[in-house]
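Visitor:
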Amino acid sequence: MTISLYRRYRPRTFEEVAGQDMAVDVLKKALQRNQVGHAYLFSGPRGCGKTSLARLLAKALNCENLKDGYEPCGECPGCVSITAGESLDVVEIDGASNNGVEEIRELKSHVSLSPFSSKWKVYIIDEVHMLSISAFNALLKTLEEPPSFVSFILATTEPSKVPVTIRSRCQHIPFRRITPQVIGTRLVEVAERENVPWEEDAVREIARQSDGALRDALSMMEQALSLGGGELSASAVDRLLGGGTMSDLERWVASARNDSVQPFLLLEEMFLKGASPQRVVEGLFLLFRNLWVFRKWGKDVLSSLSLSAAEASFLEEEGPKWPTGELSGMMLFCSRLIPQVRTGLRSDVLSGLLAARILESLQPHDEEKAVPSGGEGEHCSRHPEPAKKTVPVPSAPVGDPSINTAPSERFRRKNPETASEKENPVAEAPSRSHEPVPLLPENWPGFEKVLFARDLLLYSSLAGTSVSLENRTISVLFPEDSPYCFEVLSIERNAFSLASRASEYFGEDVSVILKMGSREKKCAGGGNGAGDDTEWQNPGPTIPLFRIPRDEDESPREESGTAPAALSPGRPLPPVSTGGGPDDPAVPFEGLVNEVLKWGGGEVVLVKREDREGDLPDEIVPPGE
-2 MTISLYRRYR PRTFEEVAGQ DMAVDVLKKA LQRNQVGHAY LFSGPRGCGK TSLARLLAKA
58 LNCENLKDGY EPCGECPGCV SITAGESLDV VEIDGASNNG VEEIRELKSH VSLSPFSSKW
118 KVYIIDEVHM LSISAFNALL KTLEEPPSFV SFILATTEPS KVPVTIRSRC QHIPFRRITP
178 QVIGTRLVEV AERENVPWEE DAVREIARQS DGALRDALSM MEQALSLGGG ELSASAVDRL
238 LGGGTMSDLE RWVASARNDS VQPFLLLEEM FLKGASPQRV VEGLFLLFRN LWVFRKWGKD
298 VLSSLSLSAA EASFLEEEGP KWPTGELSGM MLFCSRLIPQ VRTGLRSDVL SGLLAARILE
358 SLQPHDEEKA VPSGGEGEHC SRHPEPAKKT VPVPSAPVGD PSINTAPSER FRRKNPETAS
418 EKENPVAEAP SRSHEPVPLL PENWPGFEKV LFARDLLLYS SLAGTSVSLE NRTISVLFPE
478 DSPYCFEVLS IERNAFSLAS RASEYFGEDV SVILKMGSRE KKCAGGGNGA GDDTEWQNPG
538 PTIPLFRIPR DEDESPREES GTAPAALSPG RPLPPVSTGG GPDDPAVPFE GLVNEVLKWG
598 GGEVVLVKRE DREGDLPDEI VPPGE
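What the sequence shown shows, in the numbering used here, is residues -2 to 622, in sequence order.
1) Start and end of the beta strand (DSSP E) containing Arg516?
2) Run through the DSSP bridge pairs and tell me what His169 is partnered with.
3) Within a Cβ cutoff of 6 Å, which residues of the same chain sit near Arg173, ignoring the five residues on either side of it in sequence?
4) Ordered along the chain, which non-local residues of its own chain (more than five positions away) have a Cβ less than 6 Å from that of Leu613?
5) Quick one: using the 10 Å Cβ neighbour count with 16 as the cut-off for buried, is His107 buried or exposed?
6) Taking C-beta to C-beta, are Lys518 and Ser487 nearer than 8 Å?
7) Okay, do the stretch 13 to 30 and the stretch 224 to 244 touch, 3+ Cβ pairs below 8 Å being the bar?
8) So, at 8 Å on beta carbons, what are the nonlocal neighbours of Ser232 in its own chain, with the 5 sequence-adjacent residues on each side left out?
9) Going straight from the alpha carbon of Pro480 to that of Ser465, what length do you get?
10) On the DSSP bridge assignment, give the partners of Val509 in chain order.
11) Do you know offhand how far Thr242's Cα is from Asp235's?
12) With Phe133 and Ile170 assumed to form a contact (beta carbons below 8 Å), what rounded beta-carbon distance in angstroms separates them?
13) Buried or exposed for Leu38, please, with buried defined as at least 16 other CB atoms from any protein chain shown within 10 angstroms of its CB.
14) Given that a residue counts as buried once 16 or more other Cβ atoms are within 10 Å of its Cβ, and exposed if not, what is Gly316?
15) If you draw a straight line from the alpha carbon of Gly239 to that of Ser252, how long is it in whole angstroms?
16) Suppose you measure from the CA of Ser500 to the CA of Leu437; what does that come to, to the nearest Å?
17) Can you list, in chain order, the residues of its chain whose CB lies under 8 Å from that of Arg102, leaving out five sequence neighbours each side?
18) Leaving out five residues before and five after Gly504 in sequence, what residues of the same chain have Cβ atoms less than 6 Å from its Cβ?
19) Name the DSSP bridge partner or partners of Leu466?
20) If I measure Cβ to Cβ from Val298 and keep anything under 6 Å in the same chain, skipping five residues before and after, which residues do I get?
21) For Arg212, does the count of other Cβ atoms within 10 angstroms reach 16, so buried, or fall short, so exposed?
22) Out of Pro442, Ser40, Val250 and Lys318, state which residue places its alpha-carbon closest to the alpha-carbon of Val277.
23) Is it right to say Thr(-1) is buried, meaning 16 or more other beta carbons lie within 10 angstroms of its own, or is it exposed?
24) Just to confirm the assignment: which complete alpha helix (DSSP H) runs, minimum length 4, are found wholly within the stretch 247 to 326?
25) In terms of residue numbering, what span does the beta strand (DSSP E) encompassing Asp91 cover?
26) With H, G and I counted as helix, E and B as strand and the rest as coil, what does DSSP make of Tyr120?
27) Quick one, are the C-beta atoms of Thr139 and Lys105 less than 8 Å apart?
28) Whole angstroms are fine: how far does the CA of Glu186 sit from the CA of Val193?
29) In the DSSP assignment, find the unbroken beta strand (DSSP E) run with Leu63 in it and report its ends.
30) My understanding is that Ser148 touches Val21, with C-beta atoms under 8 Å, so please give their C-beta distance in whole angstroms.
31) How long is the line joining the alpha carbons of Lys64 and Phe146, rounded to whole angstroms?
32) Just the C-alpha distance for Ser115 and Arg52, rounded to the nearest angstrom, thanks.
33) For Ile150, report the span of its beta strand (DSSP E) as first-last.
34) Nearest-angstrom Cα distance between Leu184 and Gln206?
35) Assuming Met267 and Leu237 make a contact with CB atoms under 8 Å, what is their CB distance in whole Å?
36) Quick check on DSSP: helix, strand or coil for Leu437?
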């Protein structure tokens, strides 16, 4: 029977231990100073060398001809018997299968016995976190004060599951995940000692897929050699992994910019070959991360990523074609998918999500120019901030005198420019710095993203609406059960802002109509010249966003400033008169408040308003001036 590669090339000296320099140094110095501890706790990921180093320590303790005070000779009877697993004084226990208190009691009964043929008795308990609480309790006293010739070595992948009482009695040595560079170097050494041909791409792919476990890498190498007929080739590794290699993912990323069916077909091909959804998502995250890092900092960081020449060439070619914002967005999307694929997300669902996300993210980039290379980390925005221009302001409405819709003349800031902006909230509207976007249904999501970034009030008010686009007219239909959003957008300034944003994005001749049932409101703005007859050009009293609710039998608030009556628990907000006649719509904010109270199960306890205008200074000075 042939011995597996990971068993055949298990480290036999401290120098052969790969990627654990700190742990090796600690044990070497302890051996040189003759200060070996009575108990050690080795913790780290699977396949990183915990058990191998424990056996090396056992050989060093019982070696008759130590080299340099720490290195076992490998030739004395003690070293030979330990290497063959025949030593009676080195006991290896699997904590997963021997986790009961009876096994530990049996161990304790043999601890006090002197070594049979060696200087030290060494107990190696693997997967020690699997022991039961009773077993841990039975081990406590012996672990704390063992005989002078006994040493315990506990190994675990989950040190947090080991009781603190056990950890405090051991010297804790953490093992690190082995880097892909170290694993690749070790694989090349094994391939040369086995005298088999190897390809660099195959070695790097195995090192990447092993996830820091050298044992797993050697197992995959052995399987790839069998598939490749004694050769370590990239094609054999691809067959072994079932697709999802870095070259496959690079082809998928490059095809995504073509806006075709190719990304979806490539994903389906990978999954049909047997690619793991988890491996695909994690590989895509790393690829987008590398692209993002290259876009931000350029070629200077390529050496730190430990990439092959082909991978570095791909980053240099593909990186300038991707905005940094899209790369970070794809990283975030993949990070959200990782927990789902680990819990069993189906591959066909995953292919649909990835294809839809990548095509959607790249669709609006028709207006963008190619991103320059160089990796200076310039900020890329889907909709660049346009230059500002001043547009006409609608005439000031005449409304309820109790509600101030504009600041008083005496509440001016000292800075003249700031004062102008304060008095005129819509005095500035951005000018269009890009070519008009065609007024098509597929372009509406882009307009919504602009509103989300630049005017959250308008974006929120359009939630739940349906939009129709016809003859350069945008018709926004509101559900009849949500009148408050319609009323919010019907306010003069909001209607003007919505029309201005639409004209800026889609073109100067775009008009906007708000509809809810039989009610209709035309919006004009942005200087399109249309709608001189729109109803808001000569508005009635402005609908306030919020009025103090009054009891039905309460008289209107007097100038004296009497406090309003409190609302009883569970009492809905009463209708508020806007002073504009019986045809005035309901207060928008009132409907929103009622919806929030309904969703949250809350109630209005008290609404209070204080008039302190007489105490205000003549001028409001900004902080720091």
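Built from N, CA and C at the ideal position, the CB exists for glycine as well.
Guide: On the basis of the data shown:
1) Position 519 of the sequence shown, counting from 1, holds the residue named residue 516. Arg516 to Cys520 is the span of the beta strand (DSSP E), which, as asked, contains Arg516.
2) Residue numbering aside, residue 169 sits at position 172 when the sequence shown is read from its first letter. DSSP lists Leu38 as partners of His169.
3) Working through the sequence shown from its first residue, we reach residue 173 at position 176. Here the set comprises nothing.
4) Sequence index remark: in the sequence shown, residue 613 carries index 616 (1-based). Any reading at Leu613 must be qualified, since the residue scores a pLDDT of 45, below 50, and its modelled position is unreliable; the value itself is stated next. Same-chain partners within the cutoff: there are none.
5) Taking the sequence shown and counting its residues from 1, one reaches residue 107 at position 110. Classification for His107: exposed.
6) Residue numbering aside, residue 518 sits at position 521 when the sequence shown is read from its first letter. Residue numbering aside, residue 487 sits at position 490 when the sequence shown is read from its first letter. Yes.
7) By the Cβ criterion, the stretch 13 to 30 is not in contact with the stretch 224 to 244, since fewer than three pairs of Cβ atoms, one from each stretch, lie closer than 8 Å.
8) As a first step, residue 232 must be located in the sequence shown, where it is residue number 235. Excluding residues within five positions, the ones whose Cβ falls inside 8 Å are Gly225.
9) Counted from its first residue, the sequence shown places residue 480 at position 483. Counted from its first residue, the sequence shown places residue 465 at position 468. Approximately 19 Å between the Cα atoms of the pair.
10) Numbered from 1 along the sequence shown, position 512 holds the residue referred to as residue 509. Ile471 and Cys520.
11) What you label residue 242 is simply residue 245 of the sequence shown in a count that begins at 1. What you label residue 235 is simply residue 238 of the sequence shown in a count that begins at 1. About 7 Å.
12) Here residue 133 refers to the residue found at position 136 when the sequence shown is read from its first residue. Here residue 170 refers to the residue found at position 173 when the sequence shown is read from its first residue. Not quite, the Cβ-Cβ distance comes to about 20 Å (not below 8 Å), so this is no contact.
13) For the purposes of this step, residue 38 is taken as residue 41 along the sequence shown, with counting starting at 1. The residue is buried, with at least 16 neighbouring Cβ atoms inside 10 Å.
14) One-based indexing of the sequence shown puts residue 316 at position 319. So Gly316 counts as buried.
15) Within the sequence shown, the letter at position 242 stands for residue 239. Within the sequence shown, the letter at position 255 stands for residue 252. Approximately 20 Å, taken between the alpha carbons.
16) Walking along the sequence shown from the start, residue 500 turns up at place 503. Walking along the sequence shown from the start, residue 437 turns up at place 440. Cα to Cα, the separation comes out at about 14 Å.
17) Within the sequence shown, the letter at position 105 stands for residue 102. Within the same chain, Arg102 has close Cβ partners Ala135.
18) Along the sequence shown, one-based indexing puts residue 504 at 507. Take Gly504, set aside five residues on each side of it, and the residues of its chain with a beta-carbon closer than 6 Å to its own are Pro433, in chain order.
19) Here residue 466 refers to the residue found at position 469 of the sequence shown. Partner residues in the beta bridge of Leu466, as assigned by DSSP, are Ile471.
20) Position 301 of the sequence shown, counted from the start, is the residue given in the question as residue 298. Cβ within range, chain order: Val290.
21) Position 215 of the sequence shown holds residue 212. By the 16-neighbour rule on beta-carbons within 10 angstroms, Arg212 is buried.
22) Indexing the sequence shown from 1 puts residue 277 at position 280. Minimum Cα distance to Val277 is reached at Val250.
23) The sequence position of residue -1 within the sequence shown is 2, counting from 1. Under this definition Thr(-1) is an exposed residue.
24) 259 to 269, 274 to 294 and 306 to 315
25) Within the sequence shown, numbered from 1, the residue matching residue 91 stands at position 94. Start and end: Val87 to Asp91.
26) As a first step, residue 120 must be located in the sequence shown, where it is residue number 123. Three-state DSSP puts Tyr120 in a strand.
27) Translated into positions along the sequence shown, residue 139 becomes position 142. Translated into positions along the sequence shown, residue 105 becomes position 108. Yes, the pair counts as a contact, with Cβ atoms nearer than the cut-off.
28) Sequence index remark: in the sequence shown, residue 193 carries index 196 (1-based). Sequence index remark: in the sequence shown, residue 186 carries index 189 (1-based). Computed Cα separation, rounded: 11 Å.
29) Reading the sequence shown from its first residue, position 66 is the one you call residue 63. Leu63 -> no beta strand (DSSP E), and no H or E assigned at all.
30) Counting from 1 along the sequence shown, the entry for residue 148 is found at position 151. Counting from 1 along the sequence shown, the entry for residue 21 is found at position 24. Not confirmed; about 17 Å, so no contact.
31) Taking the sequence shown and counting its residues from 1, one reaches residue 64 at position 67. Taking the sequence shown and counting its residues from 1, one reaches residue 146 at position 149. As the crow flies, the alpha-carbon of Lys64 is around 21 Å from that of Phe146.
32) Counting from 1 along the sequence shown, the entry for residue 115 is found at position 118. Counting from 1 along the sequence shown, the entry for residue 52 is found at position 55. Straight-line Cα distance between these residues: approximately 14 Å.
33) In the sequence shown, residue 150 corresponds to position 153, counting from 1. Note, Ile150: beta strand (DSSP E), Val147 to Thr153.
34) Mapped onto the sequence shown, residue 184 falls at position 187. Mapped onto the sequence shown, residue 206 falls at position 209. Their Cα atoms are separated by approximately 13 Å.
35) Residue 267 sits at position 270 when you count from the first residue of the sequence shown. Residue 237 sits at position 240 when you count from the first residue of the sequence shown. The pair is not a contact, with the Cβ atoms about 14 Å apart (cut-off 8 Å).
36) Within the sequence shown, the letter at position 440 stands for residue 437. Three-state result, Leu437: coil.
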